[in-house]
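**Q** Dumping the structure here so I can ask a few things about it.
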Amino acid sequence: LNHTSLSSPDLPTPQLSLNALAGMPAPKTIHVYGTINHHCVLILVDGGSTHNFIRSRVAKFLGLPTTSTPLLHVMVGNGTMMDCTSSCPQVSVEIHDHRFVVDLYALPLSGTNLVLGV
33 LNHTSLSSPD LPTPQLSLNA LAGMPAPKTI HVYGTINHHC VLILVDGGST
83 HNFIRSRVAK FLGLPTTSTP LLHVMVGNGT MMDCTSSCPQ VSVEIHDHRF
133 VVDLYALPLS GTNLVLGV
């Protein structure tokens, strides 16, 4: 999925569950610990979120390379919209000896460092 296709009217709006925004556990979520660049991060695996997100402050702390992205409107579970203008491409995340390489959209999350969506 490339950035230009995200703004296509044919595709649904990216969504971030309200639980993921606040880092709160819910029936469709699970918290796990992982590592990025040898630093421990709290990860919320969330079936209610459509994309992968990282807390903006954590991305900066970890020194992850960020790229500007076309404006991405993300709908939060309570119906409000958040604007995302940067992402961290191809981030290596390790969870229990398994390595995943994911693109992460930077948002001002609270309560968790990373949200892995469906």
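For the sequence shown, counting from 1, position 84 maps to 116 in this note's numbering; every step adds exactly one.
Ideal Cβ positions, reconstructed from N, Cα and C, are used throughout, including at glycine.
Which same chain residues end up closer than 6 Å to I62 when comparing Cβ atoms and leaving out the 5 residues on each side of it in sequence?
**A** Taking the first residue of the sequence shown as position 1, residue 62 is located at position 30. Around I62: V77.
**Q** Kindly indicate which residue of L148, P121 and G111 has the alpha-carbon position closest to the one of I127.
**A** The residue labelled residue 127 in the question sits at position 95 within the sequence shown. The option with the nearest alpha carbon to I127 is L148.
**Q** Taking S124 as the reference, give the member of S118, P97 and G80 with the closest Cα.
**A** Position 92 of the sequence shown holds residue 124. Nearest C-alpha to S124: P97.
**Q** With a threshold of 16 other CB atoms inside 10 Å of the CB of C72, please say whether the residue is buried or exposed.
**A** Taking the first residue of the sequence shown as position 1, residue 72 is located at position 40. Exposed, since its Cβ has fewer than 16 Cβ neighbours within 10 Å.
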